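Numbering (this note's numbering), first residue to last: 10 to 563.
In what follows, a single structure is set out as structure tokens and then discussed.
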RNA sequence: GCGCCCGUAGCUCAGUCGGAUAGAGCACCGGCCUUCUAAGCCGGUGGCCGCUGGUUCGAGUCCAGCCGGGCGCACCA
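Quick look at the structure:
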């Protein structure tokens, strides 16, 4: 409807110019929006205000000209008013909204999807937790966010691949291996100190016990370095399996897992470095090789090969991002923990250094989750061994609630997750408010079915029974859904969908309380069933976009 | 010290490309179940949009400076 009105306004503008009422030729940038205030019509535009300067006329005068030119636009407009500052407040004829409702129903579950993505290929890399332990709650937020971004992009017409990058090379896996080894040796009765930076958590001991049960004392005499490597790899593989099952429990799926270890062993990292070398962006200092990232906007140069000859994490990441871009993705999106924000500069620099456009990478930062229980903070961190896993949270509050909680705020804002509160306030939680709207609609249809009433085939004639202001307002809100999805996709902000769903649920609950759907009046009942079906359709879709279920009963 | 993020009601947070009288949930007070699920609805209380200046017809939104909180500033990942 917005674009429809925009078109009408542009027509009116062109007409006024031809008629000599307006002189400028500029196409102004103006806004068509849903006004906050009830009495300001269905849609409002500031077009007259933005024209005031070039036309050297008062906004009110210009607005009046456009008002006259708009007329009733072939019966589609019920009212066009010039308001205080020069706003044009437009009210569509009820008929126009009923037609819109027919379109929404006809689109069915496809309503809300759009083609703005134009089939462009996008890759979303998210979660990507190191396989050194089960997913904790912070990973959960990243997983929920990345997954919802992927869903929203798909709905907006992008071709999306979801990817998990496994950091299974380097120091952390070594630390994991030595942690397992230390626990194992102690289990064997050998007095072995636990590594200073090791992972002290219980699951490490469990892994060591598994090794002991299977291999007995076999690792006692093995060269330390070999044992650490073998046990580290095995532990990482097992922990990755745990992560995969955690993700499955959370309803998150990936198209591909890429292993850093594989990347390094294949020689592709060296190949990427070789390209940088040839482009003249590497140099040696103190026995280590650096990339001249400062030449591409980074704060300083970054090491790619350590003085001991080992590859840095950054080197693998250069290779990884290079391959993603070469694979033909129009855009790649990285969802990172906010503590990695300092990494963005060097990543962009490396893309530029390889001769590609850094704008093709977009990084979404997900802020920390501080967990509390009854107001008391719960300390977390793999290093302390004390943390609340995603699995714990799912067991305690459930998948829907956890997802909803993660996605109801902007990802770059800190999130305080109080487990006790989430559980105790279960009844008043916004997620149930939205789901309950869906459930009520299902209830209406159950009620109708019991009375042998079926929703009629949608048609203009049937819709004529809709005329209550709340009914037209609901349609007006439903009409916004596609642009909400587009906005969420473009800005990579899935929480917009949640906020919108809350509004739809709220308007529906108010409507439900005021107007009875299934009544003795056949015409009204039929029309309202269709309206309510459209509401349920939109709420169901919105919830699906953030990975939250829409229950028929609660 | 430098960089990034955040600062909106007692609490947790929305607020789209700068638009008209800044919203929601929780909490608190008072109403509404003979009728499609009261996990709901209606009404009320509650605001220096961190502070100061700037940009303009108009600023919670943009710019600068400051204050407060978080996170970074590795040849770790």
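Using N, Cα and C, we set each Cβ at its ideal position, and we do this for glycine too.
Every value quoted in this text rests on a predicted model; they were computed, and no experiment measured them.
Taking a cut-off of 8 angstroms on C-beta distances, the region 175-186 touches the region 240-256, as three or more cross pairs fall below it.
One alpha carbon belongs to residue 83, the other to residue 103, and they sit about 14 angstroms apart. For the region 221-305, the continuous beta strand (DSSP E) assignments of 3+ residues that do not extend past its boundaries occur at 265-268, 291-294 and 297-300, in sequence order. For residue 172, the uninterrupted beta strand (DSSP E) segment begins and ends at 168-175. In the displayed model, residue 53 falls within a strand according to three-state DSSP. Here DSSP, grouped into helix, strand and coil, assigns residue 524 to coil. The alpha-carbon separation between residue 228 and residue 170 amounts to approximately 41 angstroms. Contact between the region 540-548 and the region 507-516 is present, with at least three C-beta pairs closer than 8 angstroms. Per DSSP, the unbroken beta strand (DSSP E) holding residue 341 starts and ends at 340-346. Spatial neighbours of residue 291 in its own chain (CB-CB distance under 8 angstroms, excluding positions within 5 residues in sequence) are listed in chain order as 282, 285, 298, 299, 300, 301 and 313. With fewer than three CB-CB distances shorter than 8 angstroms, the region 71-91 does not count as touching the region 514-525.
For residue 469 and residue 536, the gap between their C-alpha atoms comes out near 10 angstroms. Residue range 97-101 is occupied by the beta strand (DSSP E) that includes residue 101. Non-local beta-carbon contacts of residue 237 in its own chain, meaning distances under 7 angstroms to residues more than five positions away in sequence, involve 183, 186, 187 and 190 in chain order.
DSSP, reduced to helix, strand and coil, places residue 426 within a strand of the structure shown. Following the DSSP letters along the chain, one finds residue 531 inside the alpha helix (DSSP H) bounded by residues 531-554.
Of the candidates 247, 492 and 353, the residue whose Cα lies closest to the Cα of residue 143 is 247. With fewer than 16 other Cβ atoms inside 10 Å of its own Cβ, residue 294 counts as exposed. Within the same chain, 166, 167 and 168 come within 8 angstroms of residue 128 by CB-CB distance, once the 5 residues on both sides are set aside.
Residue pairing by DSSP places residue 314 opposite 298 and 320 in a beta bridge.
Residue 107 carries a helical assignment under DSSP once its states are collapsed to helix, strand and coil. Taking a 10 Å sphere around the C-beta of residue 478, we find fewer than 16 other C-beta atoms and assign the residue as exposed.
With respect to residue 420, residue 374 sits close: the two C-beta atoms are nearer than 8 angstroms. Annotation for residue 87: the continuous beta strand (DSSP E) segment containing it runs 86-91. With contacts defined as CB atoms closer than 8 angstroms, residue 139 and residue 176 qualify as a contacting pair.
With 16 or more other CB atoms across the displayed protein chains lying within 10 angstroms of its CB, residue 78 is buried. Going by C-alpha positions, residue 72 is about 56 angstroms away from residue 402.
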